[in-house]
Amino acid sequence: MPSAERSCETCDSAACALKNKPAGEAQEDFLERRAVGRRMCQIQHKVLVLSGKGGVGKSTVAVNLAVSVALAGKRVGLLDIDVHGPSVPRLLGIEGRPVEGTGEALLPVAYSENLKVMSIGLLVNSREDAVIWRGPMKFAVIKQFLKDVEWGELDYLIVDSPPGTGDEPLSIAQLIPEADGAIVVTTPQDVAVADVRRCITFCRQISLRVIGVIENMSGFVCGHCGRATEIFKSGGGKFMAREMGVPFLGSIPLDPQIVDASDAGTPYVQRFLGSVAAQAFQRAIAPVLALSVRPRGQ
Ligand code: ADP
């Protein structure tokens, strides 16, 4: 049910950290934090999609999760702040779409009735541009995005974050301290390596709940017979999740149709509804959908 837009002026939350400037915080920092907070306050739940390193299919998973949640009837925003290689516009076939602004705010691109999208890739001139930004500039861009994009009211904001455990995912977690948690994407052969464990440890250190781990590229689905074959040793993600005490959300097989769908700019779950991988995505969003029955902030 649509509700009246929240605003700081009418909000009576005594606990809101945006109400007063703590001693020691610069006025400029307070105003910026408040500007981000005002936007984020319109959004019920925020989920960060993280990975220990690039190339594991984080953006593919973020896009398909966002589309799945939108198909479940929720109002979703997908924010791509992977400054190293913003690929969401390509995966959704909206590359080159103009971003409109109101002077004070940037309006997200409406991909479908329930899904709005904003990506650094929609603002830079070429795919290479984003890669050359240096640390402080990346932080400024991320902050500006959170501050300036006018999402309006949303049920979920899904954030495709930069890979790794460096300054950029840290900035996002700091800028959205009320985020519900993170979904960590890995591949089976990765789990033996330290990357994904480091990512989970990183979440713990910054008090970001791990909603769960998704093992991507787990087994191979034959394009001819549709049967799954295990290429890399699978089950490692599940084992690692259990060992680290975080939920396992499921395995997404390596499926050539995922590459085809991505290259064609049509999200896989939309194009191949009912396939093995699409069903795996459906199951993986269960804890995300369950967030909306939890009281805020728990
Ligand atoms: P990341 O965001 O982690 O860098 P991407 O989402 O860009 O990774 O995916 C990297 C490549 O792997 C892309 O070409 C994508 O189409 C492909 N890919 C991702 N997941 C799968 C999958 N389950 N099956 C087949 N190809 C996949």
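Residue numbers (my numbering): 1 to 298.
Every residue gets a Cβ at the ideal spot worked out from N, C-alpha and C, and that includes glycine.
Straight-line gap, residue i to residue j (C-alpha atoms, nearest Å)
{"i": "isoleucine 94", "j": "glycine 236", "result": "35 Å"}
{"i": "isoleucine 183", "j": "glutamate 113", "result": "24 Å"}
{"i": "alanine 105", "j": "serine 262", "result": "29 Å"}
{"i": "tryptophan 151", "j": "alanine 264", "result": "26 Å"}
{"i": "cysteine 8", "j": "arginine 38", "result": "7 Å"}
{"i": "isoleucine 258", "j": "glycine 223", "result": "11 Å"}
{"i": "proline 247", "j": "methionine 240", "result": "10 Å"}
{"i": "glutamine 174", "j": "glutamine 42", "result": "18 Å"}
{"i": "alanine 17", "j": "arginine 204", "result": "22 Å"}
{"i": "threonine 10", "j": "glycine 103", "result": "24 Å"}
{"i": "lysine 143", "j": "glycine 274", "result": "38 Å"}
{"i": "glycine 226", "j": "alanine 278", "result": "13 Å"}
{"i": "arginine 209", "j": "methionine 40", "result": "18 Å"}
{"i": "aspartate 80", "j": "proline 177", "result": "18 Å"}
{"i": "leucine 249", "j": "glutamate 25", "result": "39 Å"}
{"i": "alanine 14", "j": "alanine 179", "result": "19 Å"}
Check whether residue i and residue j have beta carbons under 8 Å apart
{"i": "serine 51", "j": "proline 163", "result": "yes"}
{"i": "glycine 245", "j": "valine 47", "result": "no"}
{"i": "arginine 198", "j": "threonine 165", "result": "yes"}
{"i": "leucine 170", "j": "phenylalanine 220", "result": "no"}
{"i": "valine 288", "j": "leucine 65", "result": "yes"}
{"i": "leucine 92", "j": "proline 267", "result": "yes"}
{"i": "valine 141", "j": "leucine 122", "result": "no"}
{"i": "alanine 284", "j": "isoleucine 214", "result": "yes"}
{"i": "valine 88", "j": "aspartate 148", "result": "no"}
{"i": "leucine 78", "j": "isoleucine 158", "result": "yes"}
{"i": "leucine 107", "j": "valine 76", "result": "no"}
{"i": "valine 120", "j": "valine 83", "result": "At residue 120 the sequence reads isoleucine, which differs from the valine that was named. Contact flag set, yes."}
{"i": "valine 49", "j": "valine 36", "result": "no"}
Exposure label - residue i; buried when at least 16 CB within 10 Å
{"i": "methionine 118", "result": "buried"}
{"i": "histidine 45", "result": "buried"}
{"i": "leucine 154", "result": "buried"}
{"i": "leucine 146", "result": "buried"}
{"i": "methionine 137", "result": "exposed"}
{"i": "serine 59", "result": "buried"}
{"i": "alanine 23", "result": "exposed"}
{"i": "lysine 19", "result": "exposed"}
{"i": "glycine 212", "result": "buried"}
{"i": "aspartate 12", "result": "exposed"}
{"i": "glutamate 168", "result": "buried"}
{"i": "alanine 70", "result": "buried"}
{"i": "serine 207", "result": "exposed"}
{"i": "arginine 33", "result": "buried"}
{"i": "alanine 280", "result": "buried"}
First and last residue of the uninterrupted alpha helix (DSSP H) at residue i
{"i": "aspartate 260", "result": "256–264"}
{"i": "lysine 74", "result": "Counting along the chain, lysine 74 falls outside any alpha helix (DSSP H), and DSSP gives it neither H nor E."}
{"i": "phenylalanine 139", "result": "135–148"}
{"i": "leucine 175", "result": "167–175"}
{"i": "lysine 19", "result": "Lysine 19 -> no alpha helix (DSSP H), and no H or E assigned at all."}
{"i": "glutamate 28", "result": "27–40"}
{"i": "glycine 236", "result": "236–244"}
Spatial neighbours of residue i in its chain, beta-carbon cut-off 6 Å, leaving aside the 5 residues before and after
{"i": "phenylalanine 30", "result": "Lys21"}
{"i": "arginine 97", "result": "Val109"}
{"i": "lysine 74", "result": "Asp155, Tyr156"}
{"i": "glycine 54", "result": "Pro163"}
{"i": "arginine 271", "result": "Ala261"}
{"i": "lysine 238", "result": "Phe248"}
Cβ neighbours of residue i in the same chain (closer than 7 Å, five flanking residues each side left out)
{"i": "glutamine 282", "result": "Ser68"}
{"i": "valine 56", "result": "Val185, Thr186, Thr187, Asp190, Asn216"}
{"i": "arginine 90", "result": "Gly265"}
{"i": "phenylalanine 202", "result": "Thr165"}
Endpoints, beta strand (DSSP E) assigned at residue i
{"i": "threonine 201", "result": "Premise fails: threonine 201 lies in the alpha helix (DSSP H), 195–205, not in any beta strand (DSSP E)."}
{"i": "aspartate 155", "result": "154–160"}
{"i": "lysine 116", "result": "115–119"}
{"i": "leucine 208", "result": "First-last for leucine 208: undefined, no H or E at that position."}
Proximal residues to residue i (C-beta, below 8 Å), its chain only, five neighbours per side dropped
{"i": "glutamine 27", "result": "Lys21"}
{"i": "alanine 72", "result": "Ile285, Leu289"}
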